[in-house]
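Below is one structure, written out as structure tokens, with a few remarks after it.
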Ligand code: GLN
């Protein structure tokens, strides 16, 4: 089965293109039926409040929760991390499956969006640095015991892994460094 990219809103096309560059069959997911037909899922960046609303209207929230809780591999970026986080500030509904707390829009407004050098863990391979594109990104303010940090912006965790969930507060689909998607693909 292909990998799916939640395509309700946001930059889902960039993820589809990145996965295809790695030779992975990637398709958009907009319904519970389409969700049931994929092996792995990307939750893209965008606007988490809008995505929540659209997913709710489509009856997708429970299927998403079930699919991810069952251990289907997930790559979440930016707004996708907000959707998965256990705690969201300012308070907002979420799937609550990733044991982190996030503060939305914590690195400043759209105008403060930036490309920032990151430090990455050996699990990502060489080099030990990576460029991270941050667009009104959430900041991870707490990580639970089962959460491994794989990249940092200064001292902040920006790429974390918890079981089959890989979550980046930046946008690896917007640079030519394919290592985050490759790590996700390794779980397929
Ligand atoms: N600010 C957005 C949110 O909290 C995330 C931004 C993004 O995905 N680029 O939903």
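Residue numbers (the working numbering): 14 to 201. Cβ coordinates follow ideal geometry from the N, Cα and C atoms, glycine included.
Which listed residue (23, 94 and 45) has its alpha carbon closest to that of residue 175: 94
Chain-order list of residues whose beta-carbon lies under 7 Å from that of residue 22 (same chain, five-residue window excluded): 59, 60, 63, 64 and 67
Inter-stretch contact at 8 Å, needing at least 3 Cβ pairs: the region 99 to 118 / the region 187 to 201: no
Beta carbon of residue 38 nearer than 8 Å to that of residue 15: yes
Where residue 51 falls: helix, strand or coil (DSSP): coil
Best match in 153, 147 and 156 for proximity to residue 188 [C-alpha to C-alpha]: 147
Proximity test, residue 31 beta-carbon vs the ligand GLN heavy atom, cut-off 7 Å: no
Nearest-angstrom beta carbon gap, residue 83 and residue 157 [assumed within contact, 8 Å]: Between residue 83 and residue 157 the Cβ distance is about 20 Å, and since that is not below 8 Å, they are no contact.
Buried or exposed (CB count within 10 angstroms, at least 16 for buried), residue 139: exposed
Strand pairing of residue 83, partner residues [DSSP]: The partner list for residue 83 (beta bridge, DSSP) is empty, contrary to what the question assumes.
For residue 92 and residue 173, the rounded distance between their alpha carbons: 14 Å
Contact under 8 Å by Cβ, residue 97 with residue 197: no
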